[in-house]
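J.:
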Amino acid sequence: MRALSLIVVVVWHWAFTILEWKPHGPEPTSPLGFTSGLWILTWLLQVLPLFFYVGGHVHLLSWNRAKARGVGIGSFVLRRIRALALPALVLSGVWAVIGAVVTWAFDVDWMWRVVLLVLSPLWFLGVYLVLIALLPVALWLHSRYDVLALIWLGGAALVIDVVRFSYGVDEVGWLNMIIVWGLAHQAGFFYDRVVALPRRYDKGLLWTGLFALFGLVYSGIYPGSMVGVPGDKWSNMAPPTFVIVALLLFQIGLVEVLRPSMERVLVRQGWRRVNDFINRYSLPLFLFHTTGMALALGLSWWWFGTMGTQIPPDLKWWLERPIAIIGPLICTAPVIYLFGRRRTPVRQKRDEDVGRSLGSEHG
Numbered sequence: 001m002r003a004l005s006l007i008v009v010v011v012w013h014w015a016f017t018i019l020e021w022k023p024h025g026p027e028p029t030s031p032l033g034f035t036s037g038l039w040i041l042t043w044l045l046q047v048l049p050l051f052f053y054v055g056g057h058v059h060l061l062s063w064n065r066a067k068a069r070g071v072g073i074g075s076f077v078l079r080r081i082r083a084l085a086l087p088a089l090v091l092s093g094v095w096a097v098i099g100a101v102v103t104w105a106f107d108v109d110w111m112w113r114v115v116l117l118v119l120s121p122l123w124f125l126g127v128y129l130v131l132i133a134l135l136p137v138a139l140w141l142h143s144r145y146d147v148l149a150l151i152w153l154g155g156a157a158l159v160i161d162v163v164r165f166s167y168g169v170d171e172v173g174w175l176n177m178i179i180v181w182g183l184a185h186q187a188g189f190f191y192d193r194v195v196a197l198p199r200r201y202d203k204g205l206l207w208t209g210l211f212a213l214f215g216l217v218y219s220g221i222y223p224g225s226m227v228g229v230p231g232d233k234w235s236n237m238a239p240p241t242f243v244i245v246a247l248l249l250f251q252i253g254l255v256e257v258l259r260p261s262m263e264r265v266l267v268r269q270g271w272r273r274v275n276d277f278i279n280r281y282s283l284p285l286f287l288f289h290t291t292g293m294a295l296a297l298g299l300s301w302w303w304f305g306t307m308g309t310q311i312p313p314d315l316k317w318w319l320e321r322p323i324a325i326i327g328p329l330i331c332t333a334p335v336i337y338l339f340g341r342r343r344t345p346v347r348q349k350r351d352e353d354v355g356r357s358l359g360s361e362h363g
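The letter at position 360 of the sequence shown is residue 360 when you use the UniProt record's numbering, and the numbering goes up by one with no holes.
Put into structure tokens, the structure is as follows:
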């Protein structure tokens with residue numbers, strides 16, 4: 001699940017980011033703003049709820065192993081924060097230096113917009129770090145209140161939406177950056193219990209989430225897209241709304257319904273190696289995929305004199321999407337190799353019935 005969600009995020013950025021060149025510099029937009037009805041695909045392609053869900057599961061497993069070795073919760077949390085924050089800080093520092101040098105040497109005042117666009121996906125990592133810091137609280141809620149913690153977090157997210165949309169207090173919506181993603185992370189603590197449920201409950205989760213999505217979206221309050229779309233009054237992601245809770249339920253149910261097929265694939269040696277490889281390099285891939293994209297766009301500008309477009313995507317643009325990822329992939333791969341070649345291979349854990357990769361411990 002983590003490997004799949006990671007690939008979806010990276011390919012989405014590489015293939016479906018449209019850059020419009022404006023007087024103040026490059027500005028990203030999305031094909032969703034030009035194509036009616038395409039937003040329904042975001043119910044499958046907006047996979048951050050699954051990513052946080054898997055992260056919660058992995059953190060619980062990692063903490064249980066660390067606790068068995070006598071590691072304290074403080075040391076465990078600090079080690080996790082350091083492992084994730086240090087690479088992100090180094091990347092941010094390098095791009096800050098690049099932005100300063102290019103701005104000074106070539107008097108390019110829009111270079112800072114480029115730096116911001118490259119580093120913008122790190123908002124996700126920032127939220128993730130906050131959730132790791134709050135792990136002691138999340139573990140206490142889980143042990144003390146169990147499933148009630150999820151219900152309370154969902155209720156809090158809904159109340160915040162009511163205050164935001166009914167009373168016009170937009171600022172309060174940003175609390176859902178922690179509450180909604182914290183709920184998805186907390187839900188990962190129940191992963192083993194969800195897997196053990198009879199199959200009919202998997203379908204129940206899927207249909208509950210799907211009906212909730214339709215009800216919320218067609219209430220006229222929330223937009224249909226699970227990502228930001230130019231022209232929409234609201235966004236379900238910035239900050240997240242209660243719709244993301246419904247999306248989480250739908251995606252968990254869908255994954256569980258598909259689990260038997262996924263497990264049959266992952267017992268095959270070739271697919272298992274691909275899965276392990278992706279998870280092994282998950283952190284550098286996420287960190288550097290926009291750097292590779294920026295390098296590819298820069299080379300395209302240098303060689304062909306083009307970068308981005310100011311016209312709505314046409315049929316030719318859509319047909320080019322499969323090859324649009326080649327340039328960013330070529331430019332990202334060397335950085336991933338240099339960053340990740342000394343990383344410890346993925347450690348796997350299998351239950352007695354199926355081969356189920358748990359990935360690395362970085363979540």
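Ideal placement from N, C-alpha and C gives every residue a C-beta, glycine not left out.
1) With residue 31 and residue 16 assumed to form a contact (beta carbons below 8 Å), what rounded beta-carbon distance in angstroms separates them?
2) Would you decide whether residue 5 is buried or exposed? Buried here means 16 or more other CB atoms lie within 10 Å of its CB.
3) Classify residue 134 as helix, strand or coil using the three-state DSSP reduction.
4) Leaving out the 5 sequence neighbours to the left and right, which residues in its chain are closer than 7 Å to residue 258 when beta-carbon positions are compared?
5) Apart from the five residues just before and just after residue 325, which ones in its own chain have a Cβ nearer than 7 Å to its Cβ?
6) By Cβ distance, which residues of its chain are closer than 7 Å to residue 153, with the 5 residues on each side in sequence left out?
7) Going straight from the alpha carbon of residue 414 to that of residue 296, what length do you get?
8) Pop quiz: residue 128 and residue 55 are said to be a contact at Cβ under 8 Å. What is the actual Cβ separation, rounded to whole angstroms?
9) Let me make sure I understand the geometry here. Which of 232, 159, 64 and 190 has the alpha-carbon closest to that of residue 146?
10) DSSP three-state label for residue 110, please.
11) Between which residues of its own chain and residue 2 is the CB-CB distance below 7 Å, once the five residues before and five after are set aside?
12) From the DSSP output, in three-state form, read off residue 234 for me.
13) Give the single residue among 170, 57, 63 and 7 whose Cα lies nearest to the Cα of residue 416.
14) Would residue 118 and residue 99 qualify as a contact pair, given that the criterion is a beta-carbon distance under 7 Å?
15) At the level of alpha carbons, what is the spacing between residue 95 and residue 284?
16) Under DSSP, the alpha helix (DSSP H) around residue 155 begins and ends at which residues?
17) By Cβ distance, which residues of its chain are closer than 6 Å to residue 60, with the 5 residues on each side in sequence left out?
18) Please report the straight-line C-alpha distance between residue 123 and residue 49, rounded to a whole angstrom.
19) Buried or exposed, going by whether 16 or more other CB atoms sit within 10 Å of the CB of residue 200?
20) Within the chosen definition, does the region 247 to 254 reach the region 207 to 222 through at least 3 CB pairs nearer than 8 Å?
21) How about residue 277 and residue 332: do their beta carbons lie closer than 7 Å?
22) Per DSSP, which residues does residue 240 bridge with? Please list them.
23) What does DSSP give as the partner residue(s) for residue 18 in the beta ladder?
24) Could you name each continuous alpha helix (DSSP H) segment of 4 residues or more that falls completely within the region 163 to 224, going from the start of the chain to the end?
25) Find out if the Cβ-Cβ distance for the pair residue 46, residue 227 is shorter than 7 Å.
26) Which one of 166, 85 and 136 has the shortest CA to CA distance from residue 126?
27) Assuming residue 205 and residue 270 make a contact with CB atoms under 8 Å, what is their CB distance in whole Å?
28) Please determine, among 291, 317, 110 and 9, the residue with the shortest C-alpha to C-alpha distance to residue 90.
29) Should residue 256 go down as buried or exposed, given a rule of 16 or more other Cβ atoms within 10 Å for buried?
T.: The short version:
1) As a working mapping, residue 31 is identified with position 31 in the sequence shown. As a working mapping, residue 16 is identified with position 16 in the sequence shown. Going by Cβ atoms, the distance from residue 31 to residue 16 rounds to 6 Å, so yes, they are a contact pair.
2) Position 5 of the sequence shown, counting from 1, holds the residue named residue 5. Looking at its Cβ environment, which holds 16 or more other Cβ atoms inside 10 Å, residue 5 is buried.
3) Numbered from its first residue, the sequence shown carries residue 134 at position 134. Correct three-state label for residue 134: coil.
4) On the sequence shown, residue 258 is found 258 positions in, with the first residue counted as 1. Contacts found: none.
5) Taking the sequence shown and counting its residues from 1, the one referred to as residue 325 is at position 325. Here the set comprises 11, 14 and 15.
6) On the sequence shown, residue 153 is found 153 positions in, with the first residue counted as 1. The residues are 179, 182, 183 and 186.
7) One cannot answer for residue 414 here, as it falls past the ends of the chain, which runs 1 to 363.
8) Numbered from 1 along the sequence shown, position 128 holds the residue referred to as residue 128. Numbered from 1 along the sequence shown, position 55 holds the residue referred to as residue 55. Yes, residue 128 and residue 55 are in contact; Cβ-Cβ is about 7 Å, under 8 Å.
9) Translated into the one-based positions of the sequence shown, residue 146 becomes position 146. Ranking 232, 159, 64 and 190 by Cα distance to residue 146 puts 190 first.
10) As a first step, residue 110 must be located in the sequence shown, where it is residue number 110. Three-state DSSP puts residue 110 in coil, outside helix and strand.
11) Position 2 of the sequence shown holds residue 2. Only 51, 54, 279, 282 and 359 meet the Cβ criterion.
12) Position 234 of the sequence shown, counting from 1, holds the residue named residue 234. The answer is coil: DSSP assigns residue 234 none of H, G, I, E or B.
13) Limits of the chain in this structure are 1 at one end and 363 at the other, which puts residue 416 out of reach.
14) As a first step, residue 118 must be located in the sequence shown, where it is residue number 118. As a first step, residue 99 must be located in the sequence shown, where it is residue number 99. Taking 7 Å as the Cβ cut-off, residue 118 and residue 99 do not qualify as a contacting pair.
15) Within the sequence shown, the letter at position 95 stands for residue 95. Within the sequence shown, the letter at position 284 stands for residue 284. Whole-angstrom Cα-Cα distance: 15 Å.
16) Start at 1 with the first residue of the sequence shown, and residue 155 comes out as number 155. Residue 155 -> alpha helix (DSSP H) spans 147 to 167.
17) Position 60 of the sequence shown, counted from the first residue, corresponds to residue 60. Counting only Cβ-Cβ distances below 6 Å, and skipping sequence neighbours, we find 189.
18) For this step, residue 123 is matched to residue 123 along the sequence shown. For this step, residue 49 is matched to residue 49 along the sequence shown. Looking at the two C-alpha atoms, the distance is approximately 15 Å.
19) The sequence position of residue 200 within the sequence shown is 200, counting from 1. Result: exposed.
20) yes
21) For the purposes of this step, residue 277 is taken as the residue at position 277 of the sequence shown. For the purposes of this step, residue 332 is taken as the residue at position 332 of the sequence shown. Not a contact, by the Cβ cut-off of 7 Å.
22) What you label residue 240 is simply residue 240 of the sequence shown in a count that begins at 1. Beta-bridge pairing links residue 240 to 237.
23) Translated into the one-based positions of the sequence shown, residue 18 becomes position 18. Residue 18 is bridged to 29.
24) 176 to 187, 191 to 196 and 199 to 217
25) Looking up residue 46 in the sequence shown gives position 46. Looking up residue 227 in the sequence shown gives position 227. Against a cut-off of 7 Å, the Cβ pair of residue 227 and residue 46 comes out as a contact.
26) In the sequence shown, the residue the question calls residue 126 occupies position 126. Among 166, 85 and 136, the Cα nearest to that of residue 126 belongs to 85.
27) Taking the first residue of the sequence shown as position 1, residue 205 is located at position 205. Taking the first residue of the sequence shown as position 1, residue 270 is located at position 270. Going by Cβ atoms, the distance from residue 205 to residue 270 rounds to 31 Å, so no, they are not a contact pair.
28) In the sequence shown, counting from the first residue as 1, residue 90 sits at position 90. Among 291, 317, 110 and 9, the Cα nearest to that of residue 90 belongs to 291.
29) Within the sequence shown, the letter at position 256 stands for residue 256. Per the 10 Å Cβ criterion, buried.
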